[in-house]
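A short write-up of the structure that comes next.
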Amino acid sequence: MFHEEKKEGSPRFGKLHFPVGLWINSPKKHFAKLGRRWPSVGSIKSTSSDTASRSNETVELRQPTKNKNNRHKRLSNIFHRGTILMTGSISAGSAAGRWASEKKLSDIIDSVPEDLVELSSQKNLPGILKIFGDDISSGTNYKSVLATPRSMARELVKEALERYAVADSDIETFVLCDVVGRFVGHEGEWKMEYLRIVGDHERPLVLQEMWKPKVGFSRRFEIRRKQEVENIPPAEDIETAEEKIKEIGDKQPENQQDKNLGTTLGIEEVASDLQPLMLWMANSMELLNFVQRKILDMEKEWESEGTSQDALLSSDLEACEESMALLDEVIMYTFQQCVYYLTKTLYAALPALLESNPFTDPSSLSDVGELNNMPEGTRGTLAIYQATLDLTRECELHPDLVSQTFGYLFFFSNASLFNTLMEKGNGEPFYQWSKAVQIRTNLDLVLDWLQGIGLGDIASEFFKKLSTTVNLLCIPKTSLLKLSWSSLRSEYPALSSAQLNHLLRNYHLGVGRSHPAAWDPPEEEKDEITNNIFESFTDHPPLILPCDNFRMQISQPMSNDAFHKQLCQLRRFVWDLEQKSLPANQRSLYRVENSQ
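Right, dumping it as structure tokens:
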């Protein structure tokens with residue numbers, strides 16, 4: 001649905017530290033929606049034409065589509081995520097602007113006259129939709145059809161093609177396109193700059209109310225041959241979420257390993273930028289639960305009554321299923337991107353846990369409850385955890401998603417620190433008791449602090465590999481020399497043969513001292529010690545959507561008057577949008593009871 005971030009545009013982190021593939025490669029194989037909790041913490045077919053005598057409407061029966069991918073694809077078109085194409089040398093960035101509905105002061109200047117913004121409709125002729133077909137019939141600019149807000153694209157295409165005298169057998173080869181362009185030159189020649197296929201079940205008049213082209217551009221509906229449109233190179237998807245993510249990414253340096261950049265964002269700025277994404281995730285989760293429960297209630301009611309589903313109700317049910325597919329991906333994508341930028345910030349702070357000496361810090365290790373009292377080496381990492389927790393609370397994120405967010409952060413922290421520790425053994429003497437005690441103290445301070453804010457169980461689970469490794473290095477040298485390979489393998493099973501061998505081979509015993517023969521692996525394990533010693537970033541836990549403990553209780557009556565008032569205002573707004581597209585004699589009176 002959303003296009004994935006290209007690797008060449010991603011920060012070039014070291015392959016041992018930052019999981020570029022973890023967040024950039026397709027996350028769907030790791031995305032699981034299971035029925036368990038993660039660890040705690042109307043299809044109205046218009047037969048109208050351009051003659052007033054053909055204004056009757058008939059109901060077209062259609063069965064709900066079984067293919068969820070097709071349903072998702074159709075619904076996604078409504079959200080400007082269908083087949084989006086552009087011509088010429090228009091850049092993706094400029095193309096995005098064509099579809100923006102927000103207007104700035106500078107945009108108001110030299111704007112296109114209002115009657116030229118929507119070329120397919122006119123205010124003085126409501127219900128008439130002009131469908132352009134320059135490529136179908138030369139010399140014919142457009143054909144007019146009668147349309148209502150309920151008229152769908154496929155119905156209007158069929159009606160317009162009848163006007164163009166296209167045979168019925170060829171109708172399936174044409175599609176309706178939403179085209180943005182402008183008039184250029186002295187003769188006012190129309191130049192298409194952006195094109196999108198309109199889904200068969202989308203409603204063009206509703207689309208006109210949902211968004212407008214950016215000032216300076218016009219929009220019209222065209223009929224084109226499907227094969228011709230599909231051969232046009234696609235442009236990048238245009239999404240509000242995508243634009244926000246790109247905005248965040250533009251602020252981040254291309255390579256955080258470059259110490260000379262000095263532009264790494266602080267956690268406060270990152271958290272502020274991520275707030276909209278986390279709000280979308282939290283709200284989408286509540287909406288998904290609401291739709292799921294509502295569908296179940298509707299199906300149970302129909303089953304108990306033993307009545308067949310009405311055609312329009314079936315259509316509504318199908319739309320709900322499509323909405324759930326879309327909400328699934330919104331949750332997945334916003335979760336993925338939030339974690340990506342949080343771990344990107346963590347990457348710069350984590351090395352201090354291995355390099356700093358907590359015993360030389362002026363802070364007292366006996367009074368470290370407050371973040372400001374923590375040693376400087378741990379403060380940066382903990383500040384990121386604290387800011388993330390504050391952000392989840394502010395956005396009222398579901399508790400299960402909060403737990404999984406920190407699970408991902410701890411998974412990354414453990415793997416990154418462990419891989420850095422593995423690297424350290426290849427250089428200067430690093431594997432020795434004195435250094436291990438410093439790391440153990442920093443790690444204990446972090447785990448104790450996380451325990452104090454209710455994240456201790458999750459942290460202990462994901463920091464297990466690093467904690468085990470540091471415990472091994474904390475064994476006094478005299479005691480370690482007495483241990484054999486078999487006893488160490490038995491006592492530290494979390495370490496692979498290759499990892500244990502790497503630690504022992506690079507352990508600093510002193511100048512001129514050789515490692516004891518008892519540390520040599522047996523013959524049956526000698527092939528294993530050549531394996532990769534680094535932790536993989538692709539083994540992260542799957543994202544599991546929660547199934548209970550939601551804030552919105554749909555089975556209970558609405559008790560918040562303020563919320564009820566806003567809901568009534570939203571209902572009136574949506575209703576008015578549809579009514580404005582109808583002739584005055586077809587409009588209905590809509591009353592909303594005052595909630596107060």
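Residue 575 in the UniProt record's numbering sits at position 575 of the sequence shown, and the numbers go up by one each step. Where is the CB? At the ideal position from N, CA and C, for every residue including glycine. Model, not experiment: these values are computed from the prediction.
What number of angstroms, rounded off, separates the C-alpha of residue i from the C-alpha of residue j?
| i | j | result |
| --- | --- | --- |
| Trp575 | Ser314 | 21 Å |
| Ile529 | Thr420 | 19 Å |
| Met278 | Glu162 | 49 Å |
| Leu577 | Phe217 | 22 Å |
| Lys344 | Ala387 | 14 Å |
| Ser548 | Trp211 | The identity of residue 548 in the sequence shown is Asp, whereas the question assumes Ser. Each residue's alpha carbon lies about 35 Å from the other. |
| Arg150 | Leu447 | 58 Å |
| Ser323 | Asp316 | 10 Å |
| Asp328 | Leu288 | 8 Å |
| Pro557 | Gln292 | 18 Å |
| Gly199 | Glu155 | 11 Å |
| Glu299 | Glu318 | 12 Å |
| Pro476 | Lys424 | 19 Å |
| Asp361 | Asn442 | 11 Å |
| Ala271 | Ile533 | 34 Å |
| Ala426 | Lys435 | This sequence places Asn at residue 426; Ala is not what is there. Each residue's Cα considered, the two are about 15 Å apart. |
| Arg379 | Leu397 | 25 Å |
| Lys565 | Arg572 | 11 Å |
| Ser121 | Lys130 | 6 Å |
| Gln579 | Gln404 | 44 Å |
| His142 | Asp134 | Looking at the sequence provided, one finds Tyr at residue 142 rather than His. About 7 Å. |
| Leu481 | Tyr507 | 11 Å |
| Ile136 | Tyr164 | 7 Å |
| Pro521 | Phe462 | 28 Å |
| Glu228 | Val166 | 17 Å |
| Glu187 | Leu346 | 58 Å |
| Glu428 | Glu355 | 13 Å |
| Glu189 | Val215 | 18 Å |
Whole-angstrom Cβ separation of residue i and residue j, contact assumed at under 8 Å?
| i | j | result |
| --- | --- | --- |
| His540 | Phe411 | 5 Å |
| Leu342 | Leu417 | Leu342 to Leu417, Cβ: 16 Å. No contact. |
| Pro375 | Gln438 | The pair is not a contact, with the Cβ atoms about 10 Å apart (cut-off 8 Å). |
| Ile232 | Leu195 | 7 Å |
| Ile267 | Ile453 | Wrong, their Cβ atoms sit about 16 Å apart, outside the cutoff. |
| Leu353 | Gly377 | 6 Å |
| Leu483 | Tyr431 | With a Cβ gap of about 15 Å, Leu483 and Tyr431 do not count as contacting. |
Have a look at the options and flag the residue whose alpha-carbon is nearest the alpha-carbon of residue i.
| i | options | result |
| --- | --- | --- |
| Ile128 | Thr148, Asp168 and Arg572 | Thr148 |
| Lys191 | Phe550, Leu288, Val206 and Arg220 | Arg220 |
| Arg393 | Asn501, Ala282 and Lys526 | Ala282 |
| Arg551 | Cys395, Asn373, Ser169 and Arg513 | Cys395 |
| Met332 | Gln553, Leu543 and Ser559 | Leu543 |
| Leu495 | Gly510, Thr468, Thr478 and Tyr164 | Thr468 |
| Arg225 | Phe132, Ser144, Pro276 and Gln275 | Phe132 |
| Leu455 | Val402, Leu545 and Ser304 | Val402 |
| Leu326 | Glu355, Glu305 and Ser284 | Ser284 |
| Asn531 | Gln499, Leu509, Gly512 and Glu523 | Gln499 |
| Lys465 | Asp561, Glu321, Ser413 and Val157 | Ser413 |
| Glu230 | Val206, Gly512 and Thr173 | Thr173 |
Buried or exposed for residue i, please, with buried defined as at least 16 other CB atoms from any protein chain shown within 10 angstroms of its CB.
| i | result |
| --- | --- |
| Leu296 | exposed |
| Val184 | exposed |
| Val180 | buried |
| Leu445 | buried |
| Asn255 | Caution applies to Asn255, whose pLDDT of 48 falls short of 50 and renders its modelled position unreliable; the value that the coordinates give is listed next. Exposed, since its Cβ has fewer than 16 Cβ neighbours within 10 Å. |
| Pro493 | exposed |
| Glu159 | buried |
| Asp178 | buried |
| Glu535 | buried |
| Gln208 | buried |
| Asn501 | buried |
| Asp170 | exposed |
| Ser304 | exposed |
| Leu274 | buried |
| Gln337 | buried |
Mind checking whether residue i and residue j have CB atoms under 8 Å apart?
| i | j | result |
| --- | --- | --- |
| Gln472 | Ala459 | Per the sequence shown, residue 472 should be read as Leu rather than Gln. No, the pair does not count as a contact, with Cβ atoms beyond the cut-off. |
| Glu525 | Ser497 | yes |
| Phe335 | Ala415 | no |
| Glu202 | Met152 | yes |
| Trp485 | Trp433 | no |
| Leu371 | Leu382 | yes |
| Pro213 | Val117 | yes |
| Pro546 | Asp400 | yes |
| Cys474 | Arg505 | no |
| Val330 | Trp280 | yes |
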